[in-house]
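In this note's numbering, the protein residues as written are 1 to 347. Written out below as structure tokens is the structure these notes cover.
As structure tokens, this is what we get:
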């Protein structure tokens, strides 16, 4: 006798699978549906530029997806609008073990004691450096206790290698400024977040430091010197000694760089600070399929299968604590060694 299975369709809206990652999300879906034959997931991928406009429109029209993706920057806004489902009861009902998730990433999707989301992935920013250019310039490699001064000194040595060689690339943008002021013990707001203090001495010093690297010492190229070349392309071409960017650059740099490179913690002036990015998975408060939807987002967030697919693809870092999964990620980060480059050339 055949058991009758009633299919439940879960609609999932996502933006991070755009730009070539759709195949990896489809892999996750395939494994999930094999494990849950009564659930079918309909994935709707939308580019980041249109994503939030579409999401707002569908929420207003009452046609929101069952589950959707939110970046950390927008999450609190949606949580406070009251459109997200509190997941605590589903944690209990499904005996969901939150200890398999990175605590910082999990807490990022909680507001006022309620857990509204699960982390899909997280990433941070590091200092990538071209070891070959450091060697040519006679500069010491970055170490953990490097300061802005040490980084600047190395950047100037590398800049002296030639007119088309630059010491470092660090974007001069507002979100970068927010981070770099933290490295100088500055802040945009006072401690209790009641006053805007952007004109503090630390902040002014920080901004001057950033701008001087472009206009004074020129260790960072101007827009004219870039001539339309992207920052990653500049690094891959061997024309910049250091670049401040996210760990999502690993796959590209491993594939395209034909020189030795490595990573280091970003230097600070008075303390260390770096960016933390995370995207979360949430459930529409009005979804009629919350139970099935939770199974899907918890699979994406916390299963070994989904985490392994993400690591193998180099699609940022899963927010899990499984030692074996993280070990394979750490092995991937070591492929920037000279042995990795030479082996690639022989293959």
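Positions of the beta carbon are idealized from the N, C-alpha and C atoms, including for glycine. Quick caveat, the model's predicted, so the values are computed rather than measured.
Original post:
Helix or strand or just coil, what does DSSP make of residue 107?
Top reply: Within the chain shown, numbered from 1, the residue matching residue 107 stands at position 107. Three-state result, residue 107: helix.
Original post:
What are the partner residues of residue 67, as DSSP defines its beta bridges?
Top reply: Taking the chain shown and counting its residues from 1, the one referred to as residue 67 is at position 67. Partner(s): 12, 283.
Subject >> Best match in 10, 59, 22 for proximity to residue 39 [C-alpha to C-alpha] >> reply: The residue you call residue 39 lines up with position 39 of the chain shown. For residue 39, the closest of 10, 59, 22 by C-alpha to C-alpha distance is 10.
Original post:
Under a Cβ-count criterion, where at least 16 other Cβ atoms within 10 Å of its own Cβ denotes burial, should residue 358 be classed as buried or exposed?
Top reply: Since the first and last residues shown for the chain are 1 and 347, residue 358 lies out of range.
**OP:** Taking only the alpha-carbon atoms, compute the straight-line gap between residue 138 and residue 110 and give it to the nearest angstrom.
**Re:** As a first step, residue 138 is located in the chain shown; it is residue number 138 there, counting from the start. As a first step, residue 110 is located in the chain shown; it is residue number 110 there, counting from the start. So the two alpha carbons sit approximately 48 Å from each other.
Subject >> Length of the line joining the Cα atoms of residue 291 and residue 66 >> reply: The residue you call residue 291 lines up with position 291 of the chain shown. The residue you call residue 66 lines up with position 66 of the chain shown. Taking the straight line from one Cα to the other gives about 10 Å.
Subject >> Residue burial classification, residue 342 (beta-carbon count within 10 angstroms, cutoff 16) >> reply: Here residue 342 refers to the residue found at position 342 when the chain shown is read from its first residue. Confidence is the limiting factor: at residue 342 the pLDDT is only 32, short of 50, which leaves the residue's position unreliable and the question unanswerable from this model.
Original post:
Taking the continuous beta strand (DSSP E) assigned at residue 392, which residues delimit it?
Top reply: As displayed, the chain neither begins before 1 nor continues past 347, which places residue 392 out of reach and without an answer.
**OP:** Please classify residue 372: is it buried, with 16 or more other beta-carbons within 10 angstroms of its beta-carbon, or exposed?
**Re:** For residue 372 there is no data in the structure shown, the boundaries of the chain being 1 and 347.
**OP:** Note down the Cα distance separating residue 210 from residue 264, rounded to an integer number of angstroms.
**Re:** Looking up residue 210 in the chain shown gives position 210. Looking up residue 264 in the chain shown gives position 264. When only Cα atoms are considered, residue 210 and residue 264 end up about 19 Å apart.
**OP:** State the start and end residues of the unbroken alpha helix (DSSP H) segment that holds residue 74.
**Re:** For this step, residue 74 is matched to residue 74 along the chain shown. Looking at the DSSP string, the run of the alpha helix (DSSP H) that includes residue 74 is 72-81.
Original post:
What residue range is occupied by the uninterrupted beta strand (DSSP E) comprising residue 112?
Top reply: On the chain shown, position 112 is the one that residue 112 refers to. Residue 112 -> no beta strand (DSSP E), and no H or E assigned at all.
**OP:** Starting from residue 40, trace the beta strand (DSSP E) both ways and give me its first and last residue.
**Re:** By 1-based counting over the chain shown, the position of residue 40 is 40. Note, residue 40: beta strand (DSSP E), 39-45.
Original post:
Which same chain residues, not among the five before or five after residue 186, have their C-beta less than 7 Å away from its C-beta?
Top reply: For this step, residue 186 is matched to residue 186 along the chain shown. Cβ neighbours of residue 186 beyond the five flanking positions: 200, 202, 203, 206.
Original post:
With burial defined as no fewer than 16 other Cβ atoms inside 10 Å of the residue's Cβ, what is the status of residue 117: buried or exposed?
Top reply: Mapped onto the chain shown, residue 117 falls at position 117. Residue 117 should be labelled buried.
Original post:
Between residue 176 and the rest of its own chain, which residues show a CB-CB distance below 7 Å, the 5 nearest in sequence each way excluded?
Top reply: Along the chain shown, read from residue 1 onward, the residue named residue 176 stands at position 176. Residues 170 of the same chain have their beta carbon placed closer than 7 Å to that of residue 176, with the five preceding and five following residues left out of the count.
Subject >> N-terminal and C-terminal residue of the alpha helix (DSSP H) that residue 293 is part of >> reply: Looking up residue 293 in the chain shown gives position 293. In the DSSP annotation of this structure, the continuous segment of the alpha helix (DSSP H) that includes residue 293 starts and ends at 290-302.
**OP:** Within the same chain, show all residues whose beta-carbon is closer than 6 Å to that of residue 21, passing over the 5 residues directly before and after it, in chain order.
**Re:** As a first step, residue 21 must be located in the chain shown, where it is residue number 21. Same-chain partners within the cutoff: 315.
Subject >> Other residues of its chain near residue 64: CB distance less than 6 Å, five sequence neighbours each side excluded >> reply: As a first step, residue 64 must be located in the chain shown, where it is residue number 64. 58, 284, listed in sequence order.
Original post:
What are the boundary residues of the beta strand (DSSP E) that residue 241 is part of?
Top reply: Within the chain shown, residue 241 is the residue found at index 241, counting from 1. Here the beta strand (DSSP E) through residue 241 covers 240-246.
Original post:
For residue 342, which of helix, strand or coil comes out of DSSP?
Top reply: What you label residue 342 is simply residue 342 of the chain shown in a count that begins at 1. With a pLDDT of only 32 at residue 342, under 50, the local geometry of the prediction cannot be trusted, and the value read off the model is given with reservation. Of the three classes helix, strand and coil, the one that applies to residue 342 here is helix, per DSSP.
Subject >> DSSP state of residue 196 mapped onto helix, strand, coil >> reply: Along the chain shown, one-based indexing puts residue 196 at 196. Residue 196: strand per DSSP, three-state reduction.
**OP:** Using the DSSP secondary-structure output, state which residues sit across from residue 268 in a beta bridge.
**Re:** By one-based count along the chain shown, residue 268 stands at place 268. Answer is 147.
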